[in-house]
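Here the first sequence is numbered in this note's numbering, starting from 9 and rising by one per residue. Here is the structure we will look at.
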Amino acid sequence: MACILFDKLGLNAGRKGKTGYSTDTRVLRSIREEHEIVEVIEEWREYSKLLNTYLGPLPELISAADGRLHTTFNQAVASPGRLSTTNPNLQSIPIRTELGREIRSAFVAEPGFRLLSADYSQVELRILAHVSGEPKLREAFARGEDIHTATAAEVLGKDPATLTKDERNVAKMVNFGIIYGISAFGLSENLEIPREEAQAYIEAYLARFPLVQDFIQRTIERCERDGYATSLFGRRRPVPELKASNRQTRSLGERLAVNFVMQGTAADIIKKAMVAIHRRLRAEGRAARLVLQVHDELLLEVPEVELSAVKELVRAEMCGAYPLDPPLAVDIGVGDDWNEAKN
DNA sequence: TCTGTCACG
DNA sequence: ACGTACGTGACAGAC
C-alpha cells in the first residue's frame with residue numbers, strides 16, 4: 009500500500025522509516041485531501057477491522073453449552089497488575105465509532121435481566137491527586153469540576169468559561185501524559201506540535217502543580233533506590249530499566265515507575281471492589297452477577313427486580329473500595345445492551 | 001515468528 | 001544524535 013500511495017501516486021509520505029513508510033490511520037488522515045482513494049482506504053480499514061476481528065470470529069466462539077460468549081481472564085500477564093482477556097479479547101470491544109458501537113449493541117442481557125455498567129471516573133488522576141497531595145488537583149475533584157478544563161484554566165491562567173476546545177484538549181493530553189510518564193517527544197507527537205512547544209506545556213503544568221512534580225521526582229528516586237516501584241497498597245513492580253546504561257532505556261524506566269503508581273493502584277482498587285461486590289451479592293442471595301471487567305469498568309447482569317438495590321450496592325462498594333482524598337467517583341448506566349448501558 | 005495496524009483501557 | 005508517550009490482544013501478510 010505504501011508503494012502505491014507514496015511511490016506511484018506520489019502522495020506526501022511523512023512519518024517513519026525503519027522498514028519503510030507507514031500507512032497508519034494518522035498518515036492517511038493527513039493525506040486525505042491529496043487523492044480520492046485515501047478515504048476509500050480509510051473506510052475499508054474500518055470495515056475490515058470490524059469484520060475480521062469481531063463480526064466474523066465472535067459468533068463462532070459462542071458456547072454450545074450455554075449459548076453465551078466466554079472469555080479467559082489472565083491475572084499474571086500485564087506488568088502493572090491489570091487483568092487481560094483472550095479468546096476473545098472482551099476488553100477491546102469497539103465503542104469509539106458509530107459502526108463499532110453497533111457491534112457493542114450485540115452484547116445483550118438475558119430476558120428478565122439488564123446490563124449494568126459502572127465505571128470509575130478519572131480514577132488514575134484521582135490517585136495522582138491523592139498520592140501527590142496536590143491541593144489544586146484535590147480541590148478541583150472535590151468541587152466536581154471537569155478535570156481537563158480545570159487543568160487548562162490553571163495552567164493557562166484563564167477563566168474556565170473562556171477556554172477553547174483546543175485549549176482543553178491540550179490539557180487533556182498533558183493529563184494523559186502525566187499518567188503515562190510524560191515526555192516532550194510523546195506529547196509533541198500526540199498534539200502534532202513542535203517539541204519545544206510541548207516542553208513548554210509540561211514546564212508550565214509542573215510549575216502550577218508543584219506537588220505533582222515532587223511526586224514524580226520522589227517516585228523515580230525511590231524506584232532507583234529500591235529497584236521496584238510500589239503501588240498505594242505496597243504491591244511492587246520491578247523496574248530494571250532504571251539501572252540500564254542506555255539513556256533511552258533509563259527514560260523508559262522512569263515512565264514505567266511513575267505510570268505504575270497510578271495504573272497499578274487503579275488495578276488494585278478495582279480488584280478490591282470486585283471481591284467486595286461478589287461477596288455482598290452472594291451474602292444477599294442476589295441473582296445479579298459480575299460478567300466482565302474492563303480496567304476501570306465493571307459490567308453486571310442484573311435481574312430487573314434487583315436493579316435499584318444492586319445499583320446502590322455496586323456504587324457503594326466501588327466508591328468505598330478505598331478512601332481516597334479526593335474520593336473515588338463512579339458513573340453507572342443501565343440498558344438492555346452494553347452500548348445502551350454506557351449512554 | 002515478526003511487523004504493521006488497530007481495537008480497548 | 002538518538003528515538004520514546006503507559007498497558008494489553010487479534011488479525012493479515014511477509015518471511
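Glycine residues also receive a C-beta, built at the ideal position from the N, C-alpha and C atoms.
Opening and closing residue of the beta strand (DSSP E) in which residue i lies
i: ALA82; result: The residue asked about is misnamed: residue 82 is Asn in this sequence, not Ala. Segment 80 to 82, the beta strand (DSSP E) holding ASN82.
First through last residue of the alpha helix (DSSP H) which encompasses residue i
i: VAL283; result: 255 to 291
i: ILE155; result: 155 to 164
i: ILE45; result: 45 to 58
i: LEU145; result: 143 to 150
i: VAL322; result: 315 to 327
i: GLY108; result: 106 to 112
i: ASN347; result: 346 to 349
i: THR33; result: 33 to 38
i: GLU68; result: 65 to 68
Rounded C-alpha distance that separates residue i from residue j
i: PRO67; j: LEU98; result: 13 Å
i: GLY194; j: THR33; result: 17 Å
i: VAL318; j: LEU332; result: 23 Å
i: ARG297; j: GLY64; result: 28 Å
i: ALA192; j: GLN207; result: 5 Å
i: TRP52; j: HIS78; result: 29 Å
i: GLU118; j: LEU59; result: 25 Å
i: GLY293; j: MET326; result: 19 Å
i: ARG216; j: PRO143; result: 11 Å
i: ARG255; j: ALA150; result: 39 Å
i: VAL283; j: SER129; result: 20 Å
i: LEU145; j: PRO246; result: 29 Å
i: ALA233; j: LYS180; result: In the sequence on display, residue 233 carries Arg and not Ala. The straight-line gap from Cα to Cα measures roughly 32 Å.
i: ILE45; j: GLU110; result: 26 Å
i: GLU47; j: ILE103; result: 21 Å
i: LEU17; j: GLU41; result: 13 Å
i: GLU312; j: ASN95; result: 30 Å
i: GLU352; j: THR257; result: Look at the range of the chain in this structure, 9 to 351, and you will see that residue 352 is not part of it.
i: VAL105; j: ALA72; result: Reading off the sequence, residue 105 comes out as Thr, not Val. So the two alpha carbons sit approximately 31 Å from each other.
i: ALA169; j: ALA212; result: 20 Å
i: ARG243; j: GLY75; result: 38 Å
i: LEU164; j: VAL269; result: 27 Å
i: ILE39; j: ILE201; result: 18 Å
i: GLY185; j: ARG287; result: 36 Å
i: MET9; j: TYR29; result: 9 Å
i: ALA324; j: PHE14; result: 56 Å
i: ASN82; j: THR93; result: 6 Å
i: THR157; j: VAL182; result: 12 Å
i: ASN177; j: THR31; result: 25 Å
i: THR80; j: PRO218; result: 42 Å
i: SER56; j: TYR62; result: 10 Å
i: SER253; j: ILE187; result: 25 Å
Close Cβ partners of residue i (< 7 Å) along its chain, the five nearest in sequence each way excluded
i: PHE223; result: VAL139 and SER140
i: GLN301; result: LEU91, ILE278 and MET282
i: HIS43; result: LEU17 and LEU19
i: ALA295; result: PRO311 and GLU314
i: LEU107; result: GLU54 and LEU58
i: SER87; result: ARG245
i: ILE190; result: ILE210
i: GLU162; result: LYS144 and ARG216
i: GLY272; result: PRO88, GLY89, SER239, ARG243 and ARG245
i: LYS280; result: ALA329 and TYR330
i: ILE49; result: LEU36
i: TYR236; result: ARG244, ARG245, PRO246 and VAL247
Opposing strand residues paired with residue i [DSSP bridges]
i: GLU305; result: ASP127
i: ALA237; result: ARG245
i: ILE340; result: ALA126
i: THR93; result: PHE81
i: LEU298; result: LEU308
i: PHE121; result: PRO311
i: VAL139; result: Its beta-bridge partners do not exist; DSSP assigns none.
Same chain, Cβ closer than 8 Å to residue i, five either side skipped, listed in chain order
i: VAL322; result: LEU124, ALA126, ILE285, LEU306, LEU308, VAL338 and ILE340
i: LYS166; result: ALA160 and GLU175
i: ASN351; result: GLY341 and GLY343
Cutoff 6 Å; reference residue i; Cβ partners in own chain excluding five residues on either side
i: VAL131; result: ALA274 and ASP304
i: SER196; result: ARG203 and ALA206
i: HIS220; result: The displayed chain sequence assigns Val, not His, to residue 220. Excluding residues within five positions, the ones whose Cβ falls inside 6 Å are SER140 and GLU142.
i: ILE228; result: GLU262 and ALA265
i: TRP346; result: ARG112, PHE115 and LEU123
i: PRO334; result: ARG134, ALA137, ARG146, PHE149 and ALA150
i: PHE241; result: ASP276
i: VAL299; result: LEU307 and GLU309
Open item on the list: Going residue by residue through the segment 170 to 228, where are the continuous alpha helix (DSSP H) segments of at least 4 residues, counting only ones entirely within it?
Closed with: 173 to 188, 192 to 199 and 203 to 216
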